[in-house]
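Engineer: Numbering (the numbering used here), first residue to last: 60 to 319.
C-beta atoms are modelled at their ideal positions from N, C-alpha and C, and glycine is treated no differently.
Note that the coordinates shown come from a computational prediction; the quantities given were computed from them, not determined experimentally.
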């Protein structure tokens, strides 16, 4: 896993920006120079037009169409920046920079895959699912409702759902599902809130399964300048700080020192 050397900043005309679930939006933009170099698990910086919001918003890439050059983003409205994005229409322009960060490592010798996503950590797993060969089981956790299930199934995955309120699938967490099904495989790929990632890491360790975790950290610059998104990573008998935006967001689970 190495940082992309192919960052491009461009302005694109939005092709689609629609609400696919409550507070969840799907945006499609043409960005050929970014799409041709992007991989599953990377992200881009999207820039607001409102001058009072100078910092870009890091948004994970949900799907990459290298033939058309289109990028798909699925994002949640969680603040003023993403609220601004949600009000944009097809035909509006948006500025973006990418691809950024390190994505998932795909080993074609691995044929038993377990994908575990929670909340806004679900979208980046879709492009990964599309590119994995073999048996794919996908475990998705939502607060309420659901989205992208049919898309995962389209790429050959068996999908299992957990919701906090029991409105869809099992009431509980994705980790509950993993435990109940005594899930086994060769590699776990996971993205979501930190408590979930920590629980999935513990599950992987207990069951001797390798795991890759995509960390969600607040970022200011997204390009390694501000040092605002550091995480502790094991190194020999000690540890060191790594920047989630350029060294990650994907790390091996056994490398991460989870803060209590």
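1. Determine, using beta-carbon pairs with one atom in the region 124 to 136 and one in the region 171 to 186, whether at least three such pairs fall under 8 Å.
2. Compute the Euclidean distance between the alpha carbons of residue 71 and residue 90, then round it to the nearest angstrom.
3. Which whole-angstrom value is the C-beta distance of residue 273 and residue 100, which I expect to be below 8 Å?
4. Using DSSP with H/G/I as helix, E/B as strand and the rest coil, what is residue 109?
5. At the level of alpha carbons, what is the spacing between residue 135 and residue 92?
6. Could you name the residues that DSSP lists as bridge partners for residue 76?
7. Express the C-alpha separation of residue 111 and residue 229 in angstroms, rounding to a whole number.
8. Contact check, residue 216 vs residue 250 under 8 Å by CB: the rounded distance?
9. Where DSSP assigns a beta bridge to residue 71, which residues make up the other side?
10. With a cut-off of 8 Å on the beta carbons, I'd call residue 171 and residue 245 a contact; round off their distance for me.
11. Work out the CA separation of residue 289 and residue 173 for me, nearest whole Å.
12. For residue 262, which of helix, strand or coil comes out of DSSP?
13. Can you check DSSP and say which residues form a bridge with residue 201?
14. For residue 158, does the three-state DSSP call read helix, strand or coil?
15. Is it buried or exposed for residue 137, if we count other Cβ within 10 angstroms and need 16 for buried?
Structural biologist: So, from the data block:
1. A contact is defined here as three or more CB-CB pairs under 8 Å, and the region 124 to 136 meets this definition with respect to the region 171 to 186.
2. The residue you call residue 71 lines up with position 12 of the chain shown. The residue you call residue 90 lines up with position 31 of the chain shown. A straight-line Cα-Cα distance of about 7 Å links residue 71 and residue 90.
3. Residue 273 sits at position 214 when you count from the first residue of the chain shown. Residue 100 sits at position 41 when you count from the first residue of the chain shown. Rounded to the nearest angstrom, the Cβ distance from residue 273 to residue 100 is 6 Å, consistent with a contact under 8 Å.
4. Within the chain shown, the letter at position 50 stands for residue 109. In the displayed model, residue 109 falls within coil according to three-state DSSP, outside both helix and strand.
5. Counting from 1 along the chain shown, the entry for residue 135 is found at position 76. Counting from 1 along the chain shown, the entry for residue 92 is found at position 33. Residue 92 has its alpha-carbon roughly 25 Å from the corresponding atom of residue 135.
6. The count along the chain shown starts at 1 and reaches residue 76 at position 17. BP columns for residue 76 point to 86.
7. Reading the chain shown from its first residue, position 170 is the one you call residue 229. Reading the chain shown from its first residue, position 52 is the one you call residue 111. Each residue's CA atom was taken as its position, placing residue 229 and residue 111 some 42 Å apart.
8. Counting from 1 along the chain shown, the entry for residue 216 is found at position 157. Counting from 1 along the chain shown, the entry for residue 250 is found at position 191. For a cut-off of 8 Å, the C-beta gap from residue 216 to residue 250 is around 15 Å, too long to register as a contact.
9. Taking the chain shown and counting its residues from 1, the one referred to as residue 71 is at position 12. Beta-bridge pairing links residue 71 to 153.
10. Sequence index remark: in the chain shown, residue 171 carries index 112 (1-based). Sequence index remark: in the chain shown, residue 245 carries index 186 (1-based). Right, the Cβ-Cβ distance comes to about 4 Å (below 8 Å), so this counts as a contact.
11. Locating residue 173 in the chain shown gives position 114, where the first residue counts as 1. Locating residue 289 in the chain shown gives position 230, where the first residue counts as 1. Going by the C-alpha atoms only, they are around 27 Å apart.
12. On the chain shown, position 203 is the one that residue 262 refers to. The answer is helix: DSSP assigns residue 262 an H, G or I state.
13. Within the chain shown, residue 201 is the residue found at index 142, counting from 1. Under DSSP, residue 201 shares a beta bridge with 222.
14. If you number the chain shown from 1, residue 158 lands on position 99. Assigned with DSSP and collapsed to three states, residue 158 falls in strand.
15. Numbered from its first residue, the chain shown carries residue 137 at position 78. Exposed, by the Cβ-count rule.
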